[in-house]
Amino acid sequence: MSSVFKLERPFRNDGGHAFVAQAPAGLMEAIAGRSYYVGLNENGVGVGPGDAIHQAIRDSGAGRYSVWNNSIWFSAPDNSNCNENGREYELTLTDVSRDSGVYRKIADTIYQDDAILLQFVSQNFERNNSVFGNFFRSRSSVELFLKRVGADMPKRIVEVGCGATPWLGVRFLLDGVERYVATDIMKVASTFPAAPLRDLKLICQQIDVSLTSRWDAVLPENGDEPIAPRGLEVHGEVGFETLDIGDDFDFLMSLAVLEHVMDPDGVYRKMSECLGTGDLMLHFIDLRDHRSFDERPLGFLEMTAEEYKAINTENRLRVSQHRALMDQYGFDIISESDHVLGADGGRHWVGPDEAITPGVTEAMRERFTGEFRSMSLRDLSTLSVAVMCRKR
Ligand SMILES: C[S@@+](CC[C@H](N)C(=O)[O-])C[C@H]1O[C@@H](n2cnc3c(N)ncnc32)[C@H](O)[C@@H]1O
Numbered sequence: 000m001s002s003v004f005k006l007e008r009p010f011r012n013d014g015g016h017a018f019v020a021q022a023p024a025g026l027m028e029a030i031a032g033r034s035y036y037v038g039l040n041e042n043g044v045g046v047g048p049g050d051a052i053h054q055a056i057r058d059s060g061a062g063r064y065s066v067w068n069n070s071i072w073f074s075a076p077d078n079s080n081c082n083e084n085g086r087e088y089e090l091t092l093t094d095v096s097r098d099s100g101v102y103r104k105i106a107d108t109i110y111q112d113d114a115i116l117l118q119f120v121s122q123n124f125e126r127n128n129s130v131f132g133n134f135f136r137s138r139s140s141v142e143l144f145l146k147r148v149g150a151d152m153p154k155r156i157v158e159v160g161c162g163a164t165p166w167l168g169v170r171f172l173l174d175g176v177e178r179y180v181a182t183d184i185m186k187v188a189s190t191f192p193a194a195p196l197r198d199l200k201l202i203c204q205q206i207d208v209s210l211t212s213r214w215d216a217v218l219p220e221n222g223d224e225p226i227a228p229r230g231l232e233v234h235g236e237v238g239f240e241t242l243d244i245g246d247d248f249d250f251l252m253s254l255a256v257l258e259h260v261m262d263p264d265g266v267y268r269k270m271s272e273c274l275g276t277g278d279l280m281l282h283f284i285d286l287r288d289h290r291s292f293d294e295r296p297l298g299f300l301e302m303t304a305e306e307y308k309a310i311n312t313e314n315r316l317r318v319s320q321h322r323a324l325m326d327q328y329g330f331d332i333i334s335e336s337d338h339v340l341g342a343d344g345g346r347h348w349v350g351p352d353e354a355i356t357p358g359v360t361e362a363m364r365e366r367f368t369g370e371f372r373s374m375s376l377r378d379l380s381t382l383s384v385a386v387m388c389r390k391r
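Going by numbering that gives the first Met the number 0, the first residue of the sequence shown is number 0, and it counts up by one from there.
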């Protein structure tokens, strides 16, 4: 089913290229309950992308739009004034629920086209907290670092900042880990729906049947009931630094988390409390400005603390500050790989003592603010880091 809803003038200008229209009568009722793709047409021609961030609609426009709380934020493809350009704007609703024809058509296309299927899977690998990204990719990265320092498979693991779905925990439990504590400040699932787990099992059986040798012991099925993995302990909606989980662990890890924690001191202190002498911890830390990973990865270092307060999604600590905290809380770094911006414009994985001409120049450093101006060019050029530590 597809239906059309015309947007009626006058539209309110919301700054820049953004205009706001009231939701047409019946629209919100129509989209409640089922899954719809909401398109925007200008004079009968589709524009987009939809679900755009409102600031991007204001700043860049170019047809971006968003349906939000009974209102439609939108922009003209040529950034003309939507109130005065005389063009007709309408929303089109296309039912994409699982039992709709559109859904079946798209699903058939995906199953049958290896190129599209592979594209979907490779995108899933890149997404945070995704099944391929965590169950397969992150698991391999952790194993690589454990092997590099000659460590055995840990038995009792705590993960800081696992995300909403602890896929990595499920994987480690299937690999023989006895206790896996998954923590996050966001809600964390403690059970998994049965159907996707059945699919995951089938995938594992095709890729490497040994992955399923402990499946029934870890993921006991009960018809279509959600499954609680045996050995998984979840602590959601609470900062790791405030948890009381004891010290019965031999390994702790975090993936893309330590750049986000707002009380790094408290988090490093708690990590130290969780582990005993000789225990290991591994962190993958992305030190880039998350608003612009590739184009301006250090853009946020040009903002004062006051200016950055409005964003505040990362703590902006540099690698030297993480190393200092590790040392302060009783950890020796036993293996480290740095992803460093080089003077050739490329990004290179190097050891901390390996020479490389840093990409950040003195002129660039001049543009940074406060404490960042006194840091070494190498420190500032380090864009992400993987660090394995041992507790002293
Ligand atoms: C970029 S996501 C990474 C998620 C997951 N580790 C992955 O690799 O897919 C960062 C996660 O850190 C969590 N986080 C941030 N501060 C935290 C804290 N103080 N304690 C626990 N989790 C935290 C966030 O809620 C978010 O889920």
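Note that beta-carbon positions come from the ideal geometry of N, C-alpha and C, so glycine has one too.
- A385 has its Cβ no nearer than 7 Å to any heavy atom of ligand 1.
- If the five residues before and after A150 are omitted, its C-beta is found closer than 7 Å to the C-beta atoms of L279, all from its own chain and listed in chain order.
- Using a cutoff of 7 Å, the CB of F299 does not count as near ligand 1, since none of the ligand's heavy atoms is closer than that.
- Pairing I156 with V187 gives a Cβ-Cβ distance that is not under 8 Å.
- As the crow flies, the alpha-carbon of G43 is around 12 Å from that of F4.
- Sequence-distant Cβ neighbours of L210 in its own chain, meaning closer than 7 Å and more than five residues away, are L173, C203.
- Proximity of the beta carbon of G162 to ligand 1 is indicated: a heavy atom of the ligand is located closer than 7 Å.
- With a cut-off of 7 Å, the C-beta of I184 is classified as near ligand 1, since at least one heavy atom of the ligand falls inside that distance.
- Straight-line spacing of the CA atoms in P76 and R63 works out to 8 Å.
- The continuous beta strand (DSSP E) containing R346 extends over residues 346 to 349.
- With a cutoff of 7 Å, H282 does not count as near ligand 1, since its C-beta is closer than that to no heavy atom of the ligand.
- Distances taken from the Cβ of L173 to the heavy atoms of ligand 1 include none shorter than 7 Å.
- Annotation for A61 indicates a beta carbon at 7 Å or more from all heavy atoms of ligand 1.
- The beta carbon of T356 sits closer than 7 Å to those of G341, A342, all from its chain and outside the five residues before and after it, given in chain order.
- N69 and R97 have their C-alpha atoms roughly 25 Å apart.
- The beta carbon of N133 sits closer than 7 Å to at least one heavy atom of ligand 1.
- About 4 Å separates the beta carbon of A20 from that of L6, a gap short enough to meet the 8 Å contact definition.
- Rounded to whole angstroms, F371 and P296 show a C-alpha spacing of 14 Å.
- Taking C-alpha positions only, T241 is separated from V256 by approximately 16 Å.
- Nearest in C-alpha terms to Y328, of all of Q122, H16, L116, K390, is K390.
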